[in-house]
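**Student:** Pasting a structure here, questions to come.
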Amino acid sequence: MKRVQIFDTTLRDGEQSPGISLTPKNKLEIARQLDRLGVDVIETGFPISSSGDFEAVSLIASKVSRPVICALSRAKEEDIDVAWQAIKEAANPRIHTFVMASDIQIKKQLNKSYAEVLEMVSMAVSRAKRHVWDVEFSPMDATRANFDFLLEMIGLAIKNGATVINIPDTVGISTPDSFGQLIKYLVEAFPWLGDKVTLSVHCHNDLGMATANALVALQNGANQVECTINGLGERAGNTALEEIAMIIDTLPDLALETNVKTPEISKTSRLITNLTGYSVQHNKAIVGRNAFAHSSGIHQDGVLKSSDTYEIIKPERIGLKTNKLVLGKTSGKHAFKEYLSELEISLPEEYFKEAFRRFKKLADKKAEITEADVEAIVNEVCLSGEEVYHLVDLSVCGKDGDMPIVNVVVSKNGEKKKASAEGKGHVSAIAAAINNALQINGQITDYEVKSITEGSDSQAYVICKVLVNEKTYTGSGSDEDVLKASAIAYLRAVSRALA
Ligand SMILES: [Zn+2]
């Protein structure tokens, strides 16, 4: 069995998806869940890019101790020093630095000679090495680079002390065949790659081949995969962590193993969806809503007779429980607390009180309260607990054919602001009223509503993308009332712009 290192970059590459804006506390919550999931390395951010990123990386470095805590930096002295400042508290710190490797990027973007590029490699790795033993180097756009030049870059990085060489398919142009060959050639050229020096791959999904490419790389000598939860990332995203982990878990003939605790997969995927506002497509492998749904009569008949007729993964294997305990309106504080501890959720006392209050309110309207309901409540309480802006009141009036009129009361640090507005529809009137209350000019660019559970009494979950001063911000909100959920989601998006 070959042990594969799982390097999660949801907080770095994943966060580069347009409109995602996570607070340092959100990022810490994600890092803690990634720790429970059993990933080996967490790439926590790009500290020089913003003070918020720096703060998030240092927060995680000081609080999450088992996995390697990695920070990204360009090949610039200042970047590398700042990356080190951000991770220096970590028990297992790593600096990840990169230099463009392909002719296209070197000539058209970097505008340097090969000799100058090689100098950058030596400088970056040796500078990082001054701070920390564990240094990862990536020749960016490696799959379009001149092969001999790529070998020179890698040789130099290793000579200067790189402990990990990462081969990125930055633009997602490789096929499994060509990528596998490349990895094989690299191991032939540097036999200690995949052994004394970790050989990593970072695949993008522009042609839908990211997971296949990562798998083939592992079969040809790589021993680290960079990936993200739900396949988030630049453009079409990265190799999905849940896919590579479940391929390895499901197919023992591959003779690969990871440290991933697969029953944590489903929960991790939902957390990322809730905090990023990026929902998962229904037919997505492993974590899509339909991944375990059998709709054709023949398939249903088979699964009822024996689940292995059409099911290659048992839902429990990724943490989808089948015998769920259900709460109802007679459940008290004690039952609610028990339920939370079964979900491994622990809340500070004031958050618990608020979560219980919301649970009772929901239980008055909804017969069965499920895991998804409780998770939505807890998520809402945790998000609003750290927010400056709150929705205090919302009233919507107007009959069909009239322009709806919305009145809102929004508070900022306890100070209330009232406003009202008309709109073509209810949601646009809500947005206009919140704009008036906060004196901001936000415009909805995308709006999505889904139900948290089945049935007409389900809570609504709304994701709203809002354009403010040419930048997009995402907010999400849940409530039994779809218009209130919309107002919360909109307010959350614009308050990120105001922050
Ligand atoms: Zn990337």
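Using my numbering, you'd call the opening residue of the sequence shown number 44 and step up by one each time.
Where is the CB? At the ideal position from N, CA and C, for every residue including glycine.
1) What would DSSP say about Asp220, mapped onto helix, strand or coil?
2) Whole angstroms is fine: what's the gap from Glu86's alpha carbon to Gly345's?
3) Considering only residues of the same chain and omitting the five flanking positions on each side of Gly237, which have a CB-CB separation below 7 Å?
4) My parser needs the beta strand (DSSP E) runs of 3 or more residues fully inside the stretch 63–134; what are they?
5) Please tell me whether Leu77 and Val303 are closer than 8 Å, where the distance is taken between their beta carbons.
6) Rounded to whole angstroms, what is the Cα-Cα separation between Glu300 and Gly198?
7) Please go through the same chain and pick out, in chain order, the residues whose beta-carbon is closer than 6 Å to the beta-carbon of Leu510, but skip the five residues on each side of it.
8) What number of angstroms, rounded off, separates the C-alpha of Arg109 from the C-alpha of Asn135?
9) How long is the line joining the alpha carbons of Gly518 and Tyr321, rounded to whole angstroms?
10) So Ala126 packs on Pro182, CB below 8 Å; how close in whole Å?
11) According to the Cβ coordinates, are Thr316 and Ala288 closer than 8 Å?
12) Is any heavy atom in ligand 1 found nearer than 7 Å to the beta carbon of His139?
13) In this structure, what does DSSP give as the bridge partners for Arg46?
14) Give me the Cα-Cα distance between Val439 and Lys403, rounded to the nearest whole angstrom.
15) Tell me whether Arg137 sits in a helix, a strand or coil according to DSSP, three-state version.
16) Taking the continuous alpha helix (DSSP H) assigned at Phe399, which residues delimit it?
17) Which residues in the same chain have their Cβ closer than 6 Å to the Cβ of Phe233, if we skip the five residues on either side of it in sequence?
18) For Asp524, name the three-state secondary structure that DSSP assigns.
19) With a Cβ-Cβ cutoff of 8 Å, do Val525 and Ile477 count as a contact?
20) To the nearest angstrom, how far is the alpha carbon of Gly88 from that of Gly62?
21) Measure the CB-CB distance between Met547 and Ala118 and report whether it falls below 8 Å.
22) Could you check where the beta strand (DSSP E) with Thr488 kicks off and where it finishes?
23) Could you tell me the distance, in whole angstroms, from the CA atom of Thr319 to the CA atom of Lys151?
24) Going straight from the alpha carbon of Cys425 to that of Glu397, what length do you get?
25) Since Pro182 sits in a beta bridge, which residues does DSSP pair it with?
26) Should the stretch 92–110 be called in touch with the stretch 325–332, which here means at least 3 C-beta pairs below 8 Å?
27) To the nearest angstrom, report how far apart Lys442 and Ile448 are at their CA atoms.
28) Can you tell me whether Asp249 sits near ligand 1, meaning its C-beta is under 7 Å from at least one heavy atom of the ligand?
29) Leaving aside the five residues before and after Ser501 along the sequence, list all residues of the same chain whose C-beta is less than 6 Å from its C-beta, in chain order.
30) Following a CB-centred definition, is Thr186 positioned closer than 7 Å to any heavy atom of ligand 1?
31) Does DSSP put Pro447 in a helix, a strand or coil?
32) Hey, how far is the Cα of Lys202 from the Cα of Val244?
33) Around the Cβ of His139, are there at least 16 other Cβ atoms within 10 angstroms (buried) or fewer (exposed)?
34) DSSP three-state call for Ser60: helix, strand or coil?
35) Under a three-way DSSP split, which group does Leu54 fall into?
36) Exposed or buried, what is Glu418 when buried is set at 16 or more other beta-carbons lying within 10 Å of its beta-carbon?
**Tutor:** A quick look at the data gives this:
1) helix
2) 43 Å
3) Val230, Gly264, Ala265 and Asn266
4) 84–88 and 111–117
5) no
6) 28 Å
7) Gln486 and Thr488
8) 8 Å
9) 10 Å
10) 18 Å between Cβ atoms; not a contact.
11) no
12) no
13) Glu300
14) 25 Å
15) strand
16) Glu392 to Lys408
17) none
18) coil
19) no
20) 16 Å
21) Not covered by the structure: residue 547. The range shown for the chain is 44 to 542.
22) Gln486 to Ser494
23) 33 Å
24) 10 Å
25) Val142
26) no
27) 10 Å
28) no
29) Ser494 and Ile495
30) no
31) coil
32) 20 Å
33) buried
34) coil
35) coil
36) buried
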